[in-house]
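Inspection log for the structure reproduced underneath, given as structure tokens.
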Amino acid sequence: MTGVIEILSPAQVARARDTGALVADVLQSLRERATVGTNLLEIDTWAKEIILGAGATSCYVDYAPSFGRGPFGHYICTSVNDGVLHGLPHDYALADGDLLSLDLAVVLGGVAADSAISFVVGESRSAESVRLIETTEKALATAIATAGPGVKLGDISAAIGAVLTGAGYPVNTEFGGHGIGSTMHQDPHVPNAGRAGRGYKLRPGLMLALEPWVMVDTDELVTDDDGWTLRSATGCRTAHSEHTVAITEDGVEVLTLPSGR
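Number 85 in the UniProt record's numbering belongs to position 85 of the sequence shown; there are no gaps in the numbering.
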């Protein structure tokens with residue numbers, strides 16, 4: 001986090017649309033290509049090829065925050081089943097029924113965008129996995145519908161938390177959404193639970209990465225030996241959904257939608 005809340009110019013927000021579309025297109029391509037037997041390292045290689053081919057830069061390769069064992073050294077986060085955040089790509093072949101979360105952030109034209117999707121690989125789709133994914137997607141949609149100029153950050157956090165806890169899931173607030181702009185991680189922090197009417201008042205030009213994530217039966221995380229991958233403390237399944245949005249004069253714009261939509 002920078003400690004400074006960045007307000008972007010209309011020109012920067014316009015460039016962020018291109019960045020966001022690239023992030024969304026990469027994630028969509030990887031979702032289509034990831035199947036039973038696909039190796040996580042293949043996914044990382046595919047992401048690298050598309051990102052560099054577009055003239056963009058991954059936010060992760062040199063990423064070395066205080067909570068990780070940096071630098072990350074890869075182009076995308078790949079979290080499987082009980083893995084939920086910062087999944088370090090490694091030599092693992094996806095199996096039928098795996099719940100895969102892909103989290104991607106890139107910089108293009110000097111502006112960053114960040115998005116995450118979760119989906120089930122193959123044909124075996126457990127009800128638990130589907131419900132987890134749908135709940136994070138619903139929480140994200142609710143957060144976006146809540147956002148706008150004059151809205152307080154606590155309003156967004158409360159909206160996300162209401163969906164997650166309403167579905168019966170515990171909520172971890174250590175990691176959540178964040179400001180984004182010329183760099184990937186900025187203030188303000190956007191917890192996935194909070195009190196309405198509290199916190200920073202959203203202004204036009206502010207960009208936020210909103211990212212509900214949840215674990216079936218715990219709010220506690222454990223870190224893999226790789227120093228990066230965060231997993232549920234109980235080994236339960238997890239899911240993660242994220243969009244980058246821009247606060248506008250009259251509402252909110254989702255920036256991480258595939259091009260052509």
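Just so it is clear, CB atoms sit at the ideal spot from N, CA and C, and this is done for glycine as well.
Keep in mind it's a predicted model, so treat the numbers as computed, not measured.
Which of the three DSSP states, helix, strand or coil, is assigned to residue i?
{"i": "R231", "result": "strand"}
{"i": "D225", "result": "coil"}
{"i": "D18", "result": "helix"}
{"i": "E211", "result": "coil"}
{"i": "E253", "result": "strand"}
{"i": "V190", "result": "strand"}
{"i": "E220", "result": "coil"}
{"i": "I7", "result": "strand"}
{"i": "G161", "result": "helix"}
{"i": "L202", "result": "coil"}
{"i": "A239", "result": "strand"}
{"i": "G177", "result": "strand"}
{"i": "V13", "result": "helix"}
{"i": "V26", "result": "helix"}
{"i": "T45", "result": "helix"}
{"i": "I247", "result": "strand"}
Can you grab the Cα-Cα spacing for the pair residue i / residue j, in whole Å?
{"i": "T244", "j": "S124", "result": "30 Å"}
{"i": "D62", "j": "H74", "result": "8 Å"}
{"i": "G205", "j": "V252", "result": "10 Å"}
{"i": "R203", "j": "A141", "result": "20 Å"}
{"i": "M207", "j": "I247", "result": "6 Å"}
{"i": "V121", "j": "L30", "result": "12 Å"}
{"i": "V130", "j": "T35", "result": "17 Å"}
{"i": "A196", "j": "V254", "result": "22 Å"}
{"i": "T256", "j": "D225", "result": "32 Å"}
{"i": "D18", "j": "L8", "result": "15 Å"}
{"i": "T57", "j": "G20", "result": "13 Å"}
{"i": "G194", "j": "P258", "result": "30 Å"}
{"i": "L100", "j": "A167", "result": "21 Å"}
{"i": "E220", "j": "S118", "result": "20 Å"}
{"i": "D250", "j": "A143", "result": "16 Å"}
{"i": "A47", "j": "G154", "result": "34 Å"}
{"i": "D44", "j": "P65", "result": "20 Å"}
{"i": "D103", "j": "E128", "result": "21 Å"}
{"i": "A24", "j": "C59", "result": "15 Å"}
{"i": "V216", "j": "A139", "result": "15 Å"}
Is residue i buried or exposed, if buried means 16 or more other CB atoms sit within 10 Å of its CB?
{"i": "G37", "result": "exposed"}
{"i": "E32", "result": "exposed"}
{"i": "R198", "result": "exposed"}
{"i": "G235", "result": "exposed"}
{"i": "P10", "result": "exposed"}
{"i": "S79", "result": "buried"}
{"i": "S126", "result": "exposed"}
{"i": "P212", "result": "buried"}
{"i": "G260", "result": "exposed"}
{"i": "F67", "result": "exposed"}
{"i": "M1", "result": "Note that M1 scores 42 on pLDDT, short of 50, meaning its location in the model is unreliable; the coordinates nonetheless yield the value given after this. So M1 counts as exposed."}
{"i": "I5", "result": "exposed"}
{"i": "G53", "result": "exposed"}
{"i": "P71", "result": "exposed"}
{"i": "P89", "result": "buried"}
{"i": "A14", "result": "exposed"}
Measure the beta-carbon distance from residue i to residue j and round it to whole angstroms, keeping in mind my assumption that it falls under 8 Å.
{"i": "S241", "j": "E137", "result": "5 Å"}
{"i": "C84", "j": "I50", "result": "The question names Cys, yet the displayed sequence has Val at residue 84. Not confirmed; about 24 Å, so no contact."}
{"i": "V190", "j": "H178", "result": "6 Å"}
{"i": "S157", "j": "N192", "result": "7 Å"}
{"i": "V214", "j": "T238", "result": "7 Å"}
{"i": "V151", "j": "G161", "result": "Actually they do not touch by this definition, with Cβ atoms about 15 Å apart."}
{"i": "L108", "j": "G55", "result": "7 Å"}
{"i": "D98", "j": "N81", "result": "6 Å"}
Alpha helix (DSSP H) runs contained entirely in the segment 82-156, provided each spans 4 or more residues: 127-146
Segments of 3+ residues assigned as beta strand (DSSP E) that fall wholly inside the segment 54-83: 77-80
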